[in-house]
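Just below is one structure, and these are the notes that go with it.
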Amino acid sequence: MASDKFVTRHIGPRAYEIQEMLEKIGVSSLQELIDQTIPENIRLEKPLQLEDGLTERQYFRKILALAKKNKVFNTYIGMGYYDTITPAVILRNVLENPVWYTSYTPYQAEISQGRLEALLNYQTMICEMTAMELANASLLDEATAAAEAMVMMLNSRSRAKVKENANVVWADKNIWPQTLDVLKTRAIPLDIELKIAEVSEFEINASTVGILLQYPNANGEVISYRELAEKAHQVEAKVAVAADLLSLALLTPPGEWGADIVFGNSQRFGVPMGYGGPHAAFFAARDEFKRNMPGRIIGVSKDVHGNRALRMALQTREQHIKRERATSNICTAQALLANMAGFYAVYHGPAGITQIAKRVHRIAVLLEKEITTLGYTQKNESYFDTIRFALPKHVKVEDIEWLSLELEMNFRYFENGEVGLSIDETTNLEDINWIIEVFAKAANKPYPTIKAYPEADKIGGELARASEFLQQEVFNKYRSETEMVRYIKKLEHRDISLTHSMIPLGSCTMKLNAATEMLPLSWIEFGGIHPFVPKNQARGYQEMMEELRRDLAEITGFADVSLQPNSGAAGEYAGLMVIREYHLSRGEAQRNVVLIPSSAHGTNPASAVMAGMEVVVVPCDEKGNVDVEALRQKAQEYKDTLSAFMVTYPSTHGVFEASIIEMCDIIHQYGGQVYMDGANMNAQVGLTNPKRIGADVCHLNLHKTFAIPHGGGGPGVGPIAVAKHLVEFLPSHPVMNNGHVGISAVSAAPWGSASVLPITYGYIKMLGADGLQNATEIAILNANYIASALKDTYGILYTGEKGRVAHEMILECRHLKTTSGITESDIAKRLMDFGFHAPTLSFPVHGTLMIEPTESESKQELDRFIDALNSIYQEIQDIVDGKSDKEDNPLKNAPHTADSVTSDEWSHSYSRQQAAFPLAWLKENKYWPPVGRVDNAFGDRNLVCTCAPIESYQ
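Counting from 320, one number per residue, gives the positions in the sequence shown under the working numbering.
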């Protein structure tokens, strides 16, 4: 490999180290290892037909040329997307900072305190702005948040309504069209009767379980819904409200006029539009619904020393526990973007946010005054940022459009010929004069030059907010950039990310997110584009996405790809809905049974239930493989109703199952489709693919295999690839033609989280066909290297027919509990003292650890990790041999904080040295866990999910 090739930077082990590793494993070559790992009958017959890999400099020039094809106009379309100013201190220190974008979901609370605090700030901000009691730590987008609200209202029905099978949800027709489309998608398979009408036409009665409103509505009007909410509550129906977050600085928040759920998008709090995403949706509810809320909730608890400690609360709702009983399949959220929005609120504070909101509103009022003077009629009586004009008879809408485009502006055009403008934070005096010029020229009238925008207000009476918000110290302390950057850094130092050490999480693929791949995310040519602008303004995006779709189709072997699903779980759902539509098109509506192995990711059964399907579990055999005969029996049993088989490949147990083609053939024999979960695609690329094994559809976790960073829990991207017979059913979009005409939308934006797609595009373009295959091979090498080092101590639970693991493995820990009382959780916590994030805990097998090193980790890092686990194993043996106390030992007390180790009192039976520096190399770069072991049960018993001090509830 040439030294200037990107692959040499992406892959960790050097050539001479690879040979050393192969010798340790017991094979002579990488090819021999691959032959022993992947069954011959599923190997690709020819290499991937992709371009050769580019150097980083060549790719930079390529992506720069694409960026120049995007035209960044001033856009006043609104519809849930608004230009915003990302404070540079947040752009540079959060969005562009690998500590923030390479961290993992904060399941291991003790080493996630920084991002947990940032997410707690976000939750507090949402509660304060909406006047609700509880908020989660972000969902995917506003449309899917609306769908979650609809399902939550259904699941929160009273016993009487359940008995009566009440299932009607009324939705205001003046909700964003993309939101209504996603609501339609979600309602059909769950047998929710979604009725869309004007608010005045709602027929609220005993059959109604909820109503959905927008505030301000899609026309920009601000309407009082207080009486409507009271009417809904009289029949025990819930009220869910899509709210504009910035407007709530001026408008009476929904929590004060009767809303039960408030959701929306935090994009205009400093997150670029990015051609549609990613942006963090928000979701807030009354306290009584805390057990029904989807997504993650960050809560306040305490550690073993009594210190305040944060963690993810109410984790029993996670899908790997509830599985087919789950009411949501939310897994990846938009944590990185939620952190940005939270920091935006911290930086501006209540006064700053109010000032921005007032300025937006005053400009809208000024434009109404000036444009109506020109003969236009403004249609909204009360509004926040959006004005809508009926045109004089002699003015054509085509003239408005042509003149606005000449001045590089985009307006919103309604079907009835009216024109809308949504003002945002970036609108200035020059923009105001250009807007007026367009309307004046179209009306053939002179126009003034505006030199200032005076005090003005069209929000009054019960619509105007009277309550304070964001009075907590954190939102009133960091006004200077100096203090803000220090606060961000303070939180940053409380976390472990890929900048510290390997994150060996099985099934999560925490690989290098290369700087060259990440650079375009900050460019205005990608960030500053509204998703509903004319396509000729986004030619760079369109060209890039078309190439990316072709490349992903080649990698998977399938015919076409939809980029719309904005998480892996969303991809699962979209794929199943495509299969559902395929069966319906063939007159086989009865096909609603999904066969799912017991080893599957928890989102699999959750997604199937959301798609209106019945889950039938297929057992695994003693070797961890799907029981083929049991699969055959169940396929035959349900032959008339079989819809699909969901299979992860290689398996969640880290094995390439040799019978995979036979399994797919069985499903096809009985009329079903095969859905392959792409979570483990990092072990397939270039060597095999979903089509080769016999699948019909798969989703791809771009935040796993294809290098989009995890960002503390998101963003994720989950496009689906499908065989030729399923292409016609790929998700469409109600506003923009996204190239597909199948099922209604599954997410708000036409192309999902478009602004992070350059990362995957760069990953593929720089690695090329050979590099992609080499990355897969090294991922398998690294996993088998660790497995060979630990198999004789801990033990590897499952291997393939020739004793090899795929790109991940399950470390056996259950026997250690029997002999020493040490659990897999104790090992996970002790790894923190060595500066490592824990592997995946107790999944897919309880009492085990699942490890995935990825191809990006060097041999030195793998050896450090192996040394750490071997050191821990020896500590466990000391307990077994009676050299260490069963209760007072380094594992049971882990992790050890700097405070505990430097305390005047040290009553433990082991030394401070063993606690903090069990291996010599730790002295060079010690990470100190900021808190001791967190008491999760205490936090759930005393649920606090905002910035309240711990003493307020002790």
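Yeah, the Cβ is synthetic: ideal placement off N, Cα and C, and Gly gets one too.
Just so we're clear, the structure is a prediction, and the values are computed from it rather than from any experiment.
- DSSP links L1160 through a beta bridge to L1168.
- L1150 and P1214 have their C-alpha atoms roughly 8 Å apart.
- With a 10 Å radius around the Cβ and a threshold of 16 neighbouring Cβ atoms, T1095 comes out buried.
- For L502, the enclosing alpha helix (DSSP H) has its first and last residue at P496 to A506.
- Here the alpha carbons of I985 and G1013 stand approximately 10 Å from one another.
- DSSP, read as helix, strand or coil, puts N1189 in helix.
- Taken in chain order, the unbroken stretches of alpha helix (DSSP H) that lie wholly in the segment 848-933 and span 4 residues or more are 858-875, 887-904 and 922-929.
- Straight-line measurement puts the Cα of M821 at about 59 Å from the Cα of A709.
- Within the DSSP secondary-structure output, F730 pairs in no beta bridge.
- Closest by C-alpha distance to V852, out of G1005, N729 and G997, is N729.
- For V413, the closest C-alpha among the options G668, L1100 and M837 is that of M837.
- Of the other Cβ atoms in all chains shown, 16 or more fall within 10 Å of the Cβ of H667; this residue is therefore buried.
- For the options A833, E956, K388 and G1154, the alpha carbon positioned closest to that of G991 is the one of E956.
- The residue among K1023, V1253 and D1145 with its C-alpha nearest the C-alpha of E1206 is D1145.
- With contacts defined as CB atoms closer than 8 Å, F392 and E727 qualify as a contacting pair.
- Taking a cut-off of 8 Å on C-beta distances, the segment 465-485 does not touch the segment 1022-1041, as fewer than three cross pairs fall below it.
- For G1087, the enclosing alpha helix (DSSP H) covers residues L1076 to L1109.
- The alpha carbon of T818 has as its nearest neighbour, out of A664, A454, S1228 and V418, the alpha carbon of V418.
- If you check the CB distance, D460 and N885 come in under 8 Å.
- With fewer than 16 other beta carbons inside 10 angstroms of its own, G736 counts as exposed.
- Under the three-state reduction of DSSP output, S620 falls in the strand class.
- DSSP, read as helix, strand or coil, puts R630 in strand.
- A direct Cα-to-Cα measurement between A506 and S1063 gives close to 11 Å.
- The continuous stretches of alpha helix (DSSP H) do not include G1122, and DSSP gives it neither H nor E.
- G583 carries a strand assignment under DSSP once its states are collapsed to helix, strand and coil.
- Looking at the backbone, the Cα of E1176 and that of Q856 are separated by about 40 Å.
- Apart from sequence neighbours up to five positions away, the residues of its chain that approach A1067 with a beta-carbon distance below 6 Å are D460, E461, A462 and Q497, ordered along the chain.
- The segment 1001-1015 makes no contact with the segment 433-452; the number of CB pairs closer than 8 Å stays below 3.
- Per the C-alpha coordinates, the member of G539, M863, A925 and G931 positioned closest to K388 is M863.
- Excluding sequence positions up to five before and after A761, its CB lies within less than 7 Å of the CB of V714, D718, I719 and L722, all in the same chain and listed in chain order.
- Relative to the Cα of L1130, the nearest Cα in the group L867, E1143 and E792 belongs to E1143.
- DSSP places M398 in no alpha helix (DSSP H); its state is neither H nor E.
- D704 sits buried, since 16 or more C-beta atoms from the chains shown fall within 10 Å of its C-beta.
- Annotation: E734 to S799 spans about 46 Å, alpha carbon to alpha carbon.
- With fewer than three CB-CB distances shorter than 8 Å, the segment 595-611 does not count as touching the segment 686-705.
- The segment 422-470 is shown to contain whole alpha helix (DSSP H) runs of 4 or more residues at 432-449, in chain order.
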